[in-house]
Amino acid sequence: MPDSVAEWFQREILSHEAALVRFLSRRLPSPADVQDVRHDIYVRVLEAAERELPRTPRGFLFTVARHILIDRGRRNALVKMGPLEDAESLNVLIDEVTPERQTSDRQELQRLSRLLQGLPARCREVVWMRRVENIPQKVIARRLDIAEATVEKHLVRGIRLLADAFHGAEPPHDD
Amino acid sequence: MTTEAQSTREQIEEAAATWIVRRDGEGWTPADAAALEAWLAESVAHRAAFLRLDAVWVKAGRLERVSRPQRYRLLAVAASVVLVVVGALVAVQSGLFRATPVPRRHWRRRLLSRDPATFRRRSPTPASPPACAASADPGDIAAARG
Numbered sequence: 012m013p014d015s016v017a018e019w020f021q022r023e024i025l026s027h028e029a030a031l032v033r034f035l036s037r038r039l040p041s042p043a044d045v046q047d048v049r050h051d052i053y054v055r056v057l058e059a060a061e062r063e064l065p066r067t068p069r070g071f072l073f074t075v076a077r078h079i080l081i082d083r084g085r086r087n088a089l090v091k092m093g094p095l096e097d098a099e100s101l102n103v104l105i106d107e108v109t110p111e112r113q114t115s116d117r118q119e120l121q122r123l124s125r126l127l128q129g130l131p132a133r134c135r136e137v138v139w140m141r142r143v144e145n146i147p148q149k150v151i152a153r154r155l156d157i158a159e160a161t162v163e164k165h166l167v168r169g170i171r172l173l174a175d176a177f178h179g180a181e182p183p184h185d186d
Numbered sequence: 128m129t130t131e132a133q134s135t136r137e138q139i140e141e142a143a144a145t146w147i148v149r150r151d152g153e154g155w156t157p158a159d160a161a162a163l164e165a166w167l168a169e170s171v172a173h174r175a176a177f178l179r180l181d182a183v184w185v186k187a188g189r190l191e192r193v194s195r196p197q198r199y200r201l202l203a204v205a206a207s208v209v210l211v212v213v214g215a216l217v218a219v220q221s222g223l224f225r226a227t228p229v230p231r232r233h234w235r236r237r238l239l240s241r242d243p244a245t246f247r248r249r250s251p252t253p254a255s256p257p258a259c260a261a262s263a264d265p266g267d268i269a270a271a272r273g
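Chains as they are written, first to last, in my numbering: chain A, 12 to 186; chain B, 128 to 273.
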């Protein structure tokens, strides 16, 4: 995977996840559905980007989102549809796609630090020790008197919860 | 309820997170790096999930700068400068300083580079790398339709 596509994806697409998740949450029945569709959208966007970088990333992202929701609506008769919601309503309203405020690097890190505090206790402890204090996993296992595999499990859980919170602008929570 | 899609997405995200955590631990061999590369090459879904999680992991690694108070950082820098100067003076004094060149280690800023070590589980079959087509597709809209 070329670094430039990877960097482009992280910089130009992931930065809109909060808006995308808001957009999807109003149109899908459950948070799990939102995560599934979000994933499907990213797959299609990355697929296209690896062939040719889209000129307007944000516009492309929401175009893909519309198409996937329409496809899904056709396949799945159980999609929640109110009286005003039809294919036309999937046109993205201007105010839904408000440009994200440019946050400084430091502000971003401070936000991540706050989200880290919101993790489940043991999970937070392990992620903090590993990522912030840079303690090796073996040593963490010894200090906390848990298996190395458990340390790994906490880190895996932690990174997933943090990603949901950081990209999706939601406080981290367990499903 | 798309349970199948959910479990696939769940599995992929879990796998991606596991790869990221292991890559950053001790016991990461070149064979592991190759296995990760193979897993990434298997599907776009793997790559998308990996990029999303890695973005946060990398940022979390820089939290150290935010958590440390400003004044102590300056103090730490000053102290380390003093130590380096004193150390250099001592080395010169005792004739330890030599003119032989020291090999430098180049750190590549890529997703996959880490030091070698042991790895417990491996993905079954390494896939061939994706063929990146050089020809451009009709347009963004066509690509969006999939």
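Note that the Cβ used here is the ideal one computed from N, Cα and C, for glycine as well.
None of these values were measured; they are calculated from a predicted model.
Just how far apart, CA to CA, sit residue i and residue j?
| i | j | result |
| --- | --- | --- |
| Ser36/A | Pro42/A | 7 Å |
| Arg141/A | Ala160/B | 21 Å |
| Pro68/A | Leu130/A | 31 Å |
| Ala76/A | Ile52/A | 6 Å |
| Glu144/A | Glu163/A | 16 Å |
| Glu126/B | Ala158/B | Outside the shown range of chain B, which is 128 to 273, sits residue 126/B, and nothing can be said about it. |
| Leu31/A | Val211/B | 50 Å |
| Val54/A | Ile24/A | 11 Å |
| Arg150/B | Glu141/B | 14 Å |
| Ala176/A | Leu126/A | 7 Å |
| Ala187/B | Ser115/A | 15 Å |
| Ala176/B | Ile81/A | 23 Å |
| Gln121/A | Leu178/B | 21 Å |
| Leu216/B | Val204/B | 18 Å |
| Glu137/B | Ala132/A | 23 Å |
| Ala206/B | His27/A | 42 Å |
| Leu123/A | Leu190/B | 8 Å |
| Thr156/B | Arg86/A | 44 Å |
| Val213/B | Ile146/A | 29 Å |
| Leu173/A | Glu119/A | 13 Å |
| Trp139/A | Arg117/A | 18 Å |
| Trp166/B | Pro13/A | 15 Å |
| Gln128/A | Val219/B | 48 Å |
| Ile157/A | Arg171/A | 21 Å |
| Thr135/B | Arg174/B | 14 Å |
Could you tell me the boundaries of the alpha helix (DSSP H) in which residue i lies?
| i | result |
| --- | --- |
| Asp47/A | Pro42 to Arg62 |
| Ser124/A | Asp116 to Gln128 |
| Gln148/A | Gln148 to Leu155 |
| Arg136/A | According to the sequence provided, residue 136/A is Glu. The question's Arg does not apply to it. First-last of the alpha helix (DSSP H) with Glu136/A: Ala132 to Val138. |
| Ser15/A | Asp14 to Trp19 |
| Pro68/A | Pro68 to Arg86 |
| Ala30/A | Glu28 to Ser36 |
In three-state terms, what does DSSP make of residue i?
| i | result |
| --- | --- |
| Glu169/B | helix |
| Gly152/B | coil |
| Glu144/A | coil |
| Arg136/B | helix |
| Leu163/B | helix |
| Ala158/A | coil |
| Ala143/B | helix |
| Leu180/B | helix |
| Arg189/B | coil |
| Leu39/A | coil |
| Pro65/A | coil |
Quick one: what's got a C-beta closer than 8 Å to residue i's C-beta in the same chain, skipping five residues either side?
| i | result |
| --- | --- |
| Trp19/A | Ala60, Leu64 and Pro68 |
| Val137/A | Ile151, Leu155, Val162, His165, Leu166 and Gly169 |
| Val208/B | none |
| Glu159/A | Gln148, Lys149 and Ala152 |
| Val16/A | Leu57, Ala60, Glu61 and Leu64 |
| Ile79/A | Val48, Asp51, Ile52 and Arg55 |
| Gln21/A | none |
Give every residue of the same chain whose Cβ lies closer than 6 Å to the Cβ of residue i, excluding the five residues on either side of it in the sequence, and list them in chain order.
| i | result |
| --- | --- |
| Asp242/B | Here Asp242/B scores only 45 on pLDDT, less than 50, and its place in the model should not be relied on; the value that follows carries that caveat. Correct list: empty, nothing qualifies. |
| Trp184/B | Ile147 |
| Ala144/B | Leu180 |
| Cys134/A | His165, Arg168 and Gly169 |
Using a Cβ-Cβ cutoff of less than 7 Å, which residues in the same chain neighbour residue i once the five nearest sequence positions on both sides are dropped?
| i | result |
| --- | --- |
| Leu39/A | Val45 and Val48 |
| Leu172/B | The sequence shown places Ala at residue 172/B, not Leu. Counting only Cβ-Cβ distances below 7 Å, and skipping sequence neighbours, we find Ile139. |
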